[in-house]
Amino acid sequence: MVTSRRGGFTVIELLAVVAVTAILSAMAAPAFKSLVAGQRARNASTDLYAALMLTRSEAIKRNAQVTLQSAAAGWQAGWSIPNPTDTGHPIANHGPVLGATITAPASVVYLSNGRVASDTSPSFDIAVDGASTHRCVQVDLSGRPRLLSTGC
Numbered sequence: 000m001v002t003s004r005r006g007g008f009t010v011i012e013l014l015a016v017v018a019v020t021a022i023l024s025a026m027a028a029p030a031f032k033s034l035v036a037g038q039r040a041r042n043a044s045t046d047l048y049a050a051l052m053l054t055r056s057e058a059i060k061r062n063a064q065v066t067l068q069s070a071a072a073g074w075q076a077g078w079s080i081p082n083p084t085d086t087g088h089p090i091a092n093h094g095p096v097l098g099a100t101i102t103a104p105a106s107v108v109y110l111s112n113g114r115v116a117s118d119t120s121p122s123f124d125i126a127v128d129g130a131s132t133h134r135c136v137q138v139d140l141s142g143r144p145r146l147l148s149t150g151c
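Residue numbers (numbering that gives the first Met the number 0): 0 to 151.
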C-alpha cells in the first residue's frame, strides 16, 4: 500500500510567517507615515504652483488683472481664481489641504503683463503634520513661481 503525502503548510509555519510580517509592518509604519506626509506637502506645493501659473497666464491672456486668493479661513482651507469679468463663474477653485499650515499673503495679484502687483515677492510656506520638512513656493516680481524643497 502506497501512502501519498499531502502538500501544504503547518500551523506553526503559518504563525511564523504572520509574526515576521507583523514585526516588519510595525517597523515600517512610522517611515511610511512620514513618506505620506511628505507627499501631501509636495502635492500642496505643486497645486499652488499650478494655480499661480494659471493665474499668470489668465492675466496675460485676458490683458487684465487676475487674482489668486485664499479662502476666508486661509490657504489651508483652499483657494480660488475669481473671473474678473464674470463674478459668478470663477476660473478655478481648489479645496482644502487637510493637516496643512500654509503661510502666505492673503492674495497674489497678477498684472496684464504677467508681473506681480507688489513691491515684495510673495512666498508660500507649506507645513504638513508629520512631514519632516516644509515646502516653499516663491514668486519673483516678474511673476514666475518656483518650487523649493525647503521652507521659505
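Glycine is no exception: its CB is placed at the ideal position from the N, C-alpha and C atoms.
Sub-8 Å separation of Trp78 and Ala71 beta-carbons: Taking the sequence shown and counting its residues from 1, the one referred to as residue 78 is at position 79. Taking the sequence shown and counting its residues from 1, the one referred to as residue 71 is at position 72. For Trp78 and Ala71, no; Cβs fall outside 8 Å.
CB contact flag (Pro121, Ala103, <8 Å): Sequence index remark: in the sequence shown, residue 121 carries index 122 (1-based). Sequence index remark: in the sequence shown, residue 103 carries index 104 (1-based). The answer is yes: Cβ separation under 8 Å.
Backbone CA spacing between Gly6 and Leu13 [nearest angstrom]: Along the sequence shown, one-based indexing puts residue 6 at 7. Along the sequence shown, one-based indexing puts residue 13 at 14. Taking the straight line joining both Cα atoms gives about 14 Å.
Buried versus exposed call for Asp124 [16 or more other C-beta atoms within 10 Å across all chains shown]: The count along the sequence shown starts at 1 and reaches residue 124 at position 125. Burial call: buried.
Gly113 beta carbon less than 8 Å from that of Ala58: Along the sequence shown, one-based indexing puts residue 58 at 59. Along the sequence shown, one-based indexing puts residue 113 at 114. Taking 8 Å as the Cβ cut-off, Ala58 and Gly113 qualify as a contacting pair.
Ala99 burial status per 10 Å Cβ neighbour count (16 or more: buried): Here the question's residue 99 lines up with position 100 in the sequence shown. Buried, since its Cβ has 16 or more Cβ neighbours within 10 Å.
Contacting residues, own chain, Cβ-Cβ under 8 Å from Thr132 (five flanking each side not counted): In the sequence shown, residue 132 corresponds to position 133, counting from 1. If you ignore the 5 residues before and after Thr132, its C-beta comes within less than 8 Å of the C-beta of Gly37, Ala40, Ser148, Thr149, Gly150, all in its own chain and listed in chain order.
Unbroken stretches of the beta strand (DSSP E), 3 residues or longer, contained in the region 43-124: Fully enclosed beta strand (DSSP E) runs of 3 or longer: 65-70, 73-80, 91-93, 99-102, 106-109.
Option in Ser24, Leu53, Ala15 with minimal Cα separation from Asn92: Counting from one through the sequence shown, the residue named residue 92 turns up at place 93. Comparing C-alpha distances from Asn92 to each of Ser24, Leu53, Ala15 shows the shortest one belongs to Leu53.
According to DSSP, residues forming a beta bridge with Arg39: Here residue 39 refers to the residue found at position 40 of the sequence shown. Note: Arg39 sits in no beta bridge, so no partner.
Beta strand (DSSP E) segment containing Cys135, residue limits: Counting from one through the sequence shown, the residue named residue 135 turns up at place 136. Run containing Cys135: 134-138, per the beta strand (DSSP E) assignment.
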